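Here is the structure we will look at, set down as structure tokens.
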Amino acid sequence: MLGYRYLPLHVVGVLLTCLFTLKAQAESSLWQANKLDEHTIVISVGDIGETVFHPSLMLEASHSEAIPLFPVTEPLSSPWYQLSLVEQGRCLSLGDAAHSKQTLSHLCIESLKSGRWKLSLSEGGIQQIYGLGQQHNTQGNADGDWIGRKRIPGNRMGNAMVYQGEGAVGNTQIPVMYLLGEGKQNLALFFDHVQPLVFDFTKAPYSIQGKGKRARIILIAGENLADLRSRYLALTGKPPVPPKAMFGLWLSEYGFDNWQELDSKLASLHKAQFPLSGVVLDLQWFGGIKQNSKHTQMGSLTWDEKNFPNHQQKIAELKQRGIGVMTIEEPYIGGELNEYYSLAHAGALARSCAPPCMEPAYIKDNPWWGKGGMLDFSSEKGAAFWHDYRREALIDDGVIAHWTDLGEPELYHRKAWYAGVSIDGELKHDHQSVHNLYNLLWSRSIYQGYQRNQRQQRPFIMSRSGTAGSQAYGVAMWSGDIGVNLANLRSHFNAQMHMSLSGIDYFGSDIGGFHGTPWDEQYTQWFAAALFTDLPVRPHTQNLCNCKETAPDRIGDTASNLFNVKQRYALNPYYYTLAHRAWREGKAVVAPLVYAYQEDPQARTNGSMKLIGDALLVALEAKDKAKQSSIYLPKGQWFDYRTKQMLNSSGEQLQQPLYIDEIYRLPLFVKAGHIVPRQVEDEATVDLLVVLDEQGTAKGELIEDDGVTIAYQQQQFQHTLFNVQTVKRGLSIQVKPAKGSFTGALENKTYQLELANLPNNKAIKSIHFNGKALSQWQQGPTLRLAGQELKVQQGGEWLVEFID
Numbered sequence: 007m008l009g010y011r012y013l014p015l016h017v018v019g020v021l022l023t024c025l026f027t028l029k030a031q032a033e034s035s036l037w038q039a040n041k042l043d044e045h046t047i048v049i050s051v052g053d054i055g056e057t058v059f060h061p062s063l064m065l066e067a068s069h070s071e072a073i074p075l076f077p078v079t080e081p082l083s084s085p086w087y088q089l090s091l092v093e094q095g096r097c098l099s100l101g102d103a104a105h106s107k108q109t110l111s112h113l114c115i116e117s118l119k120s121g122r123w124k125l126s127l128s129e130g131g132i133q134q135i136y137g138l139g140q141q142h143n144t145q146g147n148a149d150g151d152w153i154g155r156k157r158i159p160g161n162r163m164g165n166a167m168v169y170q171g172e173g174a175v176g177n178t179q180i181p182v183m184y185l186l187g188e189g190k191q192n193l194a195l196f197f198d199h200v201q202p203l204v205f206d207f208t209k210a211p212y213s214i215q216g217k218g219k220r221a222r223i224i225l226i227a228g229e230n231l232a233d234l235r236s237r238y239l240a241l242t243g244k245p246p247v248p249p250k251a252m253f254g255l256w257l258s259e260y261g262f263d264n265w266q267e268l269d270s271k272l273a274s275l276h277k278a279q280f281p282l283s284g285v286v287l288d289l290q291w292f293g294g295i296k297q298n299s300k301h302t303q304m305g306s307l308t309w310d311e312k313n314f315p316n317h318q319q320k321i322a323e324l325k326q327r328g329i330g331v332m333t334i335e336e337p338y339i340g341g342e343l344n345e346y347y348s349l350a351h352a353g354a355l356a357r358s359c360a361p362p363c364m365e366p367a368y369i370k371d372n373p374w375w376g377k378g379g380m381l382d383f384s385s386e387k388g389a390a391f392w393h394d395y396r397r398e399a400l401i402d403d404g405v406i407a408h409w410t411d412l413g414e415p416e417l418y419h420r421k422a423w424y425a426g427v428s429i430d431g432e433l434k435h436d437h438q439s440v441h442n443l444y445n446l447l448w449s450r451s452i453y454q455g456y457q458r459n460q461r462q463q464r465p466f467i468m469s470r471s472g473t474a475g476s477q478a479y480g481v482a483m484w485s486g487d488i489g490v491n492l493a494n495l496r497s498h499f500n501a502q503m504h505m506s507l508s509g510i511d512y513f514g515s516d517i518g519g520f521h522g523t524p525w526d527e528q529y530t531q532w533f534a535a536a537l538f539t540d541l542p543v544r545p546h547t548q549n550l551c552n553c554k555e556t557a558p559d560r561i562g563d564t565a566s567n568l569f570n571v572k573q574r575y576a577l578n579p580y581y582y583t584l585a586h587r588a589w590r591e592g593k594a595v596v597a598p599l600v601y602a603y604q605e606d607p608q609a610r611t612n613g614s615m616k617l618i619g620d621a622l623l624v625a626l627e628a629k630d631k632a633k634q635s636s637i638y639l640p641k642g643q644w645f646d647y648r649t650k651q652m653l654n655s656s657g658e659q660l661q662q663p664l665y666i667d668e669i670y671r672l673p674l675f676v677k678a679g680h681i682v683p684r685q686v687e688d689e690a691t692v693d694l695l696v697v698l699d700e701q702g703t704a705k706g707e708l709i710e711d712d713g714v715t716i717a718y719q720q721q722q723f724q725h726t727l728f729n730v731q732t733v734k735r736g737l738s739i740q741v742k743p744a745k746g747s748f749t750g751a752l753e754n755k756t757y758q759l760e761l762a763n764l765p766n767n768k769a770i771k772s773i774h775f776n777g778k779a780l781s782q783w784q785q786g787p788t789l790r791l792a793g794q795e796l797k798v799q800q801g802g803e804w805l806v807e808f809i810d
């Protein structure tokens, strides 16, 4: 090797200058990074004095240990991503190495000063942007990604309820965004920031602003949008399987004044033959509130024995009828309650000053619920005390779900002191640092309470707010006190699109609208849409006047409501299987078209078409006096669930009627090659809808468990695969032997079949089940085969033989 003594002096000088420059760049580079795996890399830009990435609570499900960071001086790459410094180190190019040689975008430093940072994102090859949580568009439009819009916080603190369309809807920051380029080109950026962020996509370059000495980003690369979402959930936590009761209809309003009022509505639902899975009790259950007074029952979480007497007996009676109970709770505590003083003594309330001060921060602004203190869920000790002090008794009473309301939080003391949260390795006690984490901390305290007390019952939480990671604690969210109009419903469809991609599988609404007076047509449309997308399915409205209706037998087109709710119950075995896939694999339960059809430009901004797992596609509608709907059907073969006809789409717009036989029914399609398990009358009978593809094949699965406990997390569930393949002169339809079991699993089941897309040019010669000839079958648009009993652990097989 040649040494410097053989080189001209001026060349040696240049080389030394370059070496010193590289060393200086390494020491002063504002970009730092560390690879987590070949799909994921942590990126930090800003304060070079901090060389460690401390994961926030949003990442608690996967990362709690600090990660060292190193200056970025050379390109960083894997088979999935390609990053390199450009523009003299001011920018980092972002490349999807798996799908394109072209850089997708440049992420650039615009400013780093005064505890704030601003980055720019070049338009580059970006065509669509999704995710970022819940912010409803104001145009009443179901369609659209983020390009051309601003993603702003609900208020200066972050999460909030914002007024829109005669009501109020949630603004919930979940800071993951998906960047889609041409075809399969894609990347995701997760901003590990709990304080509010501002995204401006109205003009290029796009901008991203936040507080802090540096920006903290995790870049995720993968095969497609679905893969990116699964990897994001691997970081922030996959959703546990909800209790089976949550997949049905829940009766709710603000609010039932006593058991008698509730019983009246339960009786009319039963008389009209509506299935029902649960009831939701608003704040009247603990005695209601007293406005502008510290002598309020807000936060007591003890039963109002005058209006809700013998609650344990009542809950047990409802359970016998297959009806669960969910109770509301809020984060506020009336100032004269015994609970207020107990919580203050336990250090479980947000304080007005730092320790040793124990004085609660007193909240008196907008005292619609009264005046008092606010729970500090950042105090694990205080949160545990509250759970054991009040919530444990409710679980003992038989309550199966918890409704955490006002958790943005809606009201707060700006100068309150909290036990604190760690941000960049530093414990922060101010409200700004806690605000966006507040509902996550609340949900975590419930989840941990179940674990600490060794509860086998599954925790389920219905929250009005949250952030990344909330889903890991059994949280479903809803869109807030939404106004009664169809424009709001269309905006809700769009919000669901982004919430699904933000990792929230269970997202619903106050069906029919909270503020305002629902009317029949509007309610019928809303109810039908929610029966495909919501968990739980929960009509709800502000009914303090006892002058409105929410129960589907009392408002809307009753025949349509009944038909649609029974259809949802029939499909619930399929939905429940999807919930298991969401927990195991991070697969979406309800997703927008782009989730599975990323390369189809027509699918990219469509927010009214929803995929239910891999097999089902539904077209939602929300339009006054709508009689038909314009839908987009992606390329392929589809089975029309309503007409039982096959459609061969080249990727086209279709006009579909909304009323069939005077019943309002949303267009619903099954993708060829899939098998959908359905429930008939009880769990002992399964109806398989088999839609063959062009090769005469189809696949499906059914996952079952006890529906109540966490035993499924210890592998106590049953998994059955279904498979159809072509054989000589016909078809083999197999129910594979079930794998696994659980307490209460059935040994025998009856399976009946409906087959679609059979070969047109072939007549059936014979049908056998497990070698026994069947003499009767019904053939029309589909082939119907009557039920056959089989042993679950052995499975069974139908052979359909065609005439040559």
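Just add 6 to the spot in the sequence shown (first one is 1) and you have my numbering.
In this text, a Cβ means the ideal position worked out from N, Cα and C, and glycines have one as well.
Every value quoted in this text rests on a predicted model; they were computed, and no experiment measured them.
The beta carbon of Lys-370 is closer than 8 Å to those of Lys-377 in its chain, skipping five residues each way along the sequence. About 3 Å separates the Cβ atoms of Ala-493 and Gly-146, confirming a contact at the 8 Å cut-off.
Uninterrupted alpha helix (DSSP H) stretches at least 4 residues long and entirely within the region 224 to 261 occur at 231 to 242, given in chain order. The beta strand (DSSP E) runs lying completely inside the region 88 to 139 and spanning 3 residues or more are 97 to 102, 109 to 119, 122 to 127 and 134 to 137, given in chain order.
Look at Asn-264 here: in three-state DSSP terms it is coil, with no helix or strand label.
In this structure Pro-373 is buried. Its beta-carbon is surrounded by 16 or more other beta-carbon atoms within 10 angstroms.
Note that the C-beta distance between Ala-588 and Asp-511 is below 7 Å. Ranked by how close their Cα comes to the Cα of Tyr-718, the residues Tyr-575, Trp-804, Arg-464 and Phe-513 have Arg-464 in first place. About 24 Å separates the CB atoms of Ser-62 and Ser-126; that is not less than 8 Å, and the two are not in contact. Residue pairing by DSSP places Pro-315 opposite no residue, since no beta bridge is assigned to it. Measuring C-alpha to C-alpha distances from Gly-404 to each of Val-285, Tyr-453 and Ala-501 identifies Val-285 as the nearest.
Closest in C-alpha terms to His-142, from the list Ser-508, Leu-203 and Leu-495, comes Leu-495. Ranked by Cα distance from Ala-67, the first of Gly-480, Val-806 and Arg-420 is Gly-480. Annotated as proximal: Glu-172 and Gly-522, with beta-carbon spacing under 7 Å. Between Ser-439 and His-393, the CB-CB gap reaches or exceeds 7 Å. A residue is called buried once 16 or more other Cβ atoms fall within 10 Å of its Cβ, and Met-252 is buried on that count.
In terms of Cβ geometry, Arg-648 and Ile-666 form a close pair [threshold 7 Å]. Just so you know, the alpha carbons of Leu-639 and Arg-397 end up roughly 47 Å apart.
Inter-segment contact for the region 345 to 356 and the region 314 to 327 is absent: fewer than three beta-carbon pairs are separated by less than 8 Å. Checking the DSSP bridge columns, you'll see Trp-375 has no partner listed. Just so you know, the alpha carbons of Ser-476 and Ser-449 end up roughly 7 Å apart.
The C-beta of Pro-598 has 16 or more other C-beta atoms within 10 Å across all chains shown, which makes the residue buried. For Arg-157, the three-state secondary structure derived from DSSP is strand. The beta carbon of Tyr-424 is closer than 6 Å to those of Ala-356, Asp-382, Ser-384, His-435 and Val-440 in its chain, skipping five residues each way along the sequence.
Gly-216 has Trp-123 as its beta-bridge partners, per DSSP. Rounded to the nearest angstrom, the gap between the Cα atoms of Asn-549 and Ala-174 is 16 Å. The beta-carbon separation of Ile-809 and Ala-762, rounded to 20 Å, does not stay under the 8 Å limit for a contact.
In the DSSP annotation of this structure, the continuous segment of the beta strand (DSSP E) that includes Pro-683 starts and ends at 680 to 685. The Cβ-Cβ distance between Gln-462 and Thr-715 falls below 7 Å. The DSSP assignment places 596 to 598, 615 to 618, 622 to 625, 634 to 639 and 642 to 646 as complete runs of the beta strand (DSSP E) inside the region 564 to 646, in order along the chain (cut-off: 3 residues). Counted as a single uninterrupted DSSP element, the stretch harbouring Phe-775 is not any alpha helix (DSSP H) but the beta strand (DSSP E) occupying residues 770 to 775.
For Ser-781, there is no enclosing alpha helix (DSSP H), as DSSP gives it neither H nor E.
Annotation: Leu-65 to Arg-122 spans about 22 Å, alpha carbon to alpha carbon. In terms of Cβ geometry, Ile-406 and Pro-249 form a close pair [threshold 7 Å]. Taking one beta carbon from each stretch, the region 226 to 241 and the region 83 to 103 have 3 or more pairs nearer than 8 Å; the two touch. Spanning the alpha carbons of Thr-583 and Gly-713 requires a straight line of approximately 12 Å.
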